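>
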DNA sequence: TATCATTTGTACGTATGTATT
DNA sequence: GAATACATACGTACAAATGAT
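Below you can see the structure in the form of structure tokens.
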């Protein structure tokens, strides 16, 4: 292939900078090159480094797309795709009718990020809200989901949304053994995180609780319920609690917003790893 | 304005045409509606349900975009955006010059997915490869990253890529105490996962290892190194190992492809947490 | 309360580059 | 080399949400 000379594309380049309102002290004309990296990728890189570098800060507005088009000498689609990329990365927020803004949590380092996340087993904050979407009694567990323990005859199925500070951070679907649920205080599902409650106070005793965690992209439904970009990163967790007889008295599937999820694990030489005690899942 | 209506596309059944071979028994004209849900969202929903429902199976080809345009009576951009969405969700793979295909791991249930993932501490498979990108001796740990333990005076900094079955699944940056590293077998960093090696065999003993895990979207660099869609979901893990004196003799930051990451945790009142089982001192 | 300008979201049509078959 | 098919990119238009008037 020929390393061809760059096609001169100075269409809108000479236009005077009319960008005066924005706080964004963006630097002067960037020279984008038609080449191996797509134009939208180059634009995204520039903006990304402005965010990580501190030129753009949390909650800052970006200039309108039209102005960015002029500035970089590219079309609207190109800018849009760059913005889309950064939205998916969690660095920008774009909403109809408003300016595109830098995400509140953008630019903080990874270590700091960990302060804002919600460990699934942590105690809820003061501003924690629980919404019960629906409840169905006397249902059976779906086939093949029980990776430890044996299902019981009958469950209560609950779907809930948890919010912190008004923002939903987790949607979940859980099955609680019907007999056990009937013994719990009335309305407890609206007041408490059930798994921590069961582990601390339930009768009969919980013998073992196990969680599997994977990461994925939010599907349409999850994105809507979590007020989160479609295909944004999420954590999916499956949790099972068993009683001393090996009955799975609790099964839950959780989807956490990626920006609000974090877990900590210990590793050490004297500890047998949980999965070494497991039967292999096929 | 009136939609042009879906052109029935049944005639083109030339023998050479492999398109008719696709198992896409796509139903007859789907009526998309201009309304609250965007057209591309409707298309994405249809295809998504075909995948999860089994009409489209892993490694199946989608019809060319042009044909999808005709089928749904929408333009190329609309189809592309639907495909993009599903690519970001990990359900489709789109490559230049080839048909869009259904991702190999698409359509399997969450529980099943867990068998393909790589627990960070698991033993490497036979087809496991390690590439050392670079090595720098006698460096100090970056400021403020050490969430447990105290940094030592000098580290070896390594950047590596791990592959399984030829596919990269993790990129990492790690710091190993210089003195400790000098005592390790030569070239061990190219042959072994260092943390498990240290935990099992190092001298002095590791007293405690702790991991923090969050989820995020792949940035440009990570996406390239992992051969993964930009902004695709990834897990980021930070791990620190300390010796009995509380010195952080190992610090590592890892980025895992979302489709290859999974961890398991135990929870329960009668199971001592790993760190509770640790010998407190020698 | 209603209207208007601004700004982004969605969508169409078209053209060209580039990788695969 | 040719045909196929996706990626990128331009220009344009209208819809919908927001904020200010």
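Protein chains in written order, with the numbering used here: chain A, 13 to 294; chain B, 13 to 294.
Every residue, glycine too, gets a C-beta built ideally from N, C-alpha and C.
Being a predicted model, the structure only gives us computed values, none of them experimental.
I'd like to know whether the C-beta of residue 114(B) is nearer than 8 Å to at least one C-beta of chain A.
Here residue 114(B) refers to the residue found at position 102 of the second chain. No, residue 114(B) does not count as interfacial toward chain A.
> Let's see if you can read the secondary structure: which residues bound the beta strand (DSSP E) around residue 180(B)?
Taking the first residue of the second chain as 1, we reach residue 180(B) at position 168. It spans 179-189 - the beta strand (DSSP E) in which residue 180(B) sits, taken as one unbroken run.
> DSSP on residue 79(B), reduced to helix/strand/coil?
Taking the second chain and counting its residues from 1, the one referred to as residue 79(B) is at position 67. Note: residue 79(B) maps to helix in three-state DSSP.
> Under 7 Å between beta-carbons, which chain A residues line up against residue 239(B)? List them in chain order, please.
As a working note, residue 239(B) is residue 227 in the second chain. Chain A residues near residue 239(B): none, gap ~16 Å exceeds 7 Å.
> Is the separation between the beta-carbon of residue 274(A) and that of residue 224(B) shorter than 8 Å?
Translated into the one-based positions of the first chain, residue 274(A) becomes position 262. Translated into the one-based positions of the second chain, residue 224(B) becomes position 212. Yes. Within cutoff.
> I want to see whether chain B comes within less than 8 Å of residue 211(A), judged by CB atoms only; does it?
Taking the first residue of the first chain as position 1, residue 211(A) is located at position 199. So, interface residue.
> Can you give, in chain order, each stretch of the beta strand (DSSP E) that sits fully within the stretch 60-117 of chain B and has at least 3 residues?
DSSP runs (the beta strand (DSSP E)) wholly in the stretch 60-117 of chain B: none.
> Can you tell me which residues form a DSSP beta bridge with residue 158(B)?
Position 146 of the second chain, counting from 1, holds the residue named residue 158(B). According to DSSP, which records beta bridges pairwise, residue 158(B) is partnered with nothing at all.
> Which of the three DSSP states, helix, strand or coil, is assigned to residue 198(A)?
Within the first chain, numbered from 1, the residue matching residue 198(A) stands at position 186. Residue 198(A): coil per DSSP, three-state reduction.
> Which runs of the alpha helix (DSSP H), 4 residues or longer, sit entirely within the stretch 200-287 of chain A?
If we require 4 residues or more, the alpha helix (DSSP H) runs fully inside the stretch 200-287 of chain A come out as 200-203, 206-213 and 232-238.
> Could you tell me the alpha carbon to alpha carbon distance between residue 182(B) and residue 132(B), rounded to whole angstroms?
Position 170 of the second chain, counting from 1, holds the residue named residue 182(B). Position 120 of the second chain, counting from 1, holds the residue named residue 132(B). Cα to Cα, the separation comes out at about 9 Å.
> Should the stretch 221-235 of chain B be regarded as contacting the stretch 185-199 of chain B, the criterion being three or more beta carbon pairs within less than 8 Å?
As far as the Cβ criterion goes, the stretch 221-235 of chain B does not touch the stretch 185-199 of chain B, which means the pair count is below three.
> Looking at the unbroken beta strand (DSSP E) that takes in residue 145(B), where does it start and where does it end?
Counted from its first residue, the second chain places residue 145(B) at position 133. Start and end: 140-151.
> With 8 Å as the threshold, decide whether the Cβ of residue 274(B) is near any Cβ in chain A.
As a first step, residue 274(B) must be located in the second chain, where it is residue number 262. Output row for residue 274(B): interface = yes.
> Rounded to whole angstroms, what's the CA-CA distance from residue 222(A) to residue 252(A)? Just pull it up for me.
For the purposes of this step, residue 222(A) is taken as the residue at position 210 of the first chain. For the purposes of this step, residue 252(A) is taken as the residue at position 240 of the first chain. Whole-angstrom Cα-Cα distance: 6 Å.
> On the premise that residue 243(A) lies in contact with residue 97(B), defined as a C-beta separation below 8 Å, what is that separation, rounded to the nearest angstrom?
To locate residue 97(B), count along the second chain from 1; it is residue 85. To locate residue 243(A), count along the first chain from 1; it is residue 231. About 6 Å; that satisfies the 8 Å criterion.
> Can you list, in chain order, the residues of its chain with a C-beta nearer than 7 Å to that of residue 54(A)? Leave out the 5 residues immediately preceding and following it.
Here the question's residue 54(A) lines up with position 42 in the first chain. Cβ within range, chain order: 44.
> Have a look at residue 105(A) and residue 142(A) and give me their C-alpha separation to the nearest angstrom.
As a first step, residue 105(A) is located in the first chain; it is residue number 93 there, counting from the start. As a first step, residue 142(A) is located in the first chain; it is residue number 130 there, counting from the start. Rounded to whole angstroms, residue 105(A) to residue 142(A) spans 25 Å at the Cα level.
> Once you ignore the five residues that flank residue 279(A) on each side, which residues in its own chain have a CB closer than 7 Å to its CB?
Your numbering for residue 279(A) matches position 267 in the first chain. Excluding positions up to five away in sequence, the list is empty.
> If I'm right that residue 227(A) touches residue 86(B) with Cβ under 8 Å, what's the distance once you round it to whole angstroms?
The residue labelled residue 227(A) in the question sits at position 215 within the first chain. The residue labelled residue 86(B) in the question sits at position 74 within the second chain. So it is not a contact: roughly 32 Å between Cβ atoms.
> Could you check what DSSP says for residue 129(A) in three-state terms: helix, strand or coil?
By 1-based counting over the first chain, the position of residue 129(A) is 117. Residue 129(A) falls in the coil class under three-state DSSP.
> Examine chain A for any beta-carbon lying closer than 8 Å to the beta-carbon of residue 95(B), and answer yes or no.
In the second chain, counting from the first residue as 1, residue 95(B) sits at position 83. Not one chain A Cβ lies under 8 Å of residue 95(B).
> Would the beta-carbon of residue 161(A) fall within 8 Å of that of residue 271(A)?
Along the first chain, read from residue 1 onward, the residue named residue 161(A) stands at position 149. Along the first chain, read from residue 1 onward, the residue named residue 271(A) stands at position 259. Against a cut-off of 8 Å, the Cβ pair of residue 271(A) and residue 161(A) comes out as no contact.
> Could you pull the start and end residues of the beta strand (DSSP E) that residue 46(B) belongs to?
Position 34 of the second chain, counted from the first residue, corresponds to residue 46(B). Unbroken run through residue 46(B): none, as it is neither H nor E.
> Express the C-alpha separation of residue 64(A) and residue 71(B) in angstroms, rounding to a whole number.
If you number the second chain from 1, residue 71(B) lands on position 59. If you number the first chain from 1, residue 64(A) lands on position 52. Whole-angstrom Cα-Cα distance: 38 Å.
> With respect to the beta strand (DSSP E) encompassing residue 176(B), which residues constitute its N-terminal and C-terminal limits?
By 1-based counting over the second chain, the position of residue 176(B) is 164. Residue 176(B) -> beta strand (DSSP E) spans 167-176.
> Return the CA-CA distance between residue 77(B) and residue 114(B), expressed in angstroms with no decimal places.
If you number the second chain from 1, residue 77(B) lands on position 65. If you number the second chain from 1, residue 114(B) lands on position 102. Answer to the nearest angstrom: the Cα atoms are 14 Å apart.
> Using a 10 Å radius around the Cβ and a threshold of 16 neighbouring Cβ atoms, would you call residue 205(A) buried or exposed?
For the purposes of this step, residue 205(A) is taken as the residue at position 193 of the first chain. Burial call: buried.
> Enumerate in chain order the residues of its own chain whose CB-to-CB distance from residue 150(B) is below 7 Å, with the five nearest sequence positions on each side excluded.
Here residue 150(B) corresponds to residue number 138 of the second chain, with the count starting at 1. Correct list, in chain order: 166 and 190.
> Give me the residue from 58(A), 172(A), 75(A) and 159(A) with the minimum Cα distance to residue 111(A).
The count along the first chain starts at 1 and reaches residue 111(A) at position 99. The shortest Cα separation from residue 111(A) among 58(A), 172(A), 75(A) and 159(A) belongs to 75(A).
> Just tell me which of 136(B), 236(B), 178(B) and 158(B) has its CA closest to the CA of residue 188(B).
As a position in the second chain, residue 188(B) is number 176, starting the count at 1. The candidate whose alpha carbon is nearest that of residue 188(B) is 158(B).
> Report all residues from its chain with a CB closer than 7 Å to the CB of residue 88(A); omit the five preceding and five following residues, and keep chain order.
Sequence index remark: in the first chain, residue 88(A) carries index 76 (1-based). Correct list, in chain order: 77 and 81.
> Nearest-angstrom Cα distance between residue 175(A) and residue 136(A)?
Locating residue 175(A) in the first chain gives position 163, where the first residue counts as 1. Locating residue 136(A) in the first chain gives position 124, where the first residue counts as 1. Approximately 10 Å, taken between the alpha carbons.
> In its own chain, which residues sit with a C-beta less than 6 Å from the C-beta of residue 8(B), not counting the 5 before and 5 after it?
One cannot answer for residue 8(B) here, as it falls past the ends of chain B, which runs 13 to 294.
> Closest to residue 139(A) by CA distance: which of 178(A), 277(A) and 213(A) is it?
Looking up residue 139(A) in the first chain gives position 127. When only C-alpha atoms are compared, the closest one is 178(A).
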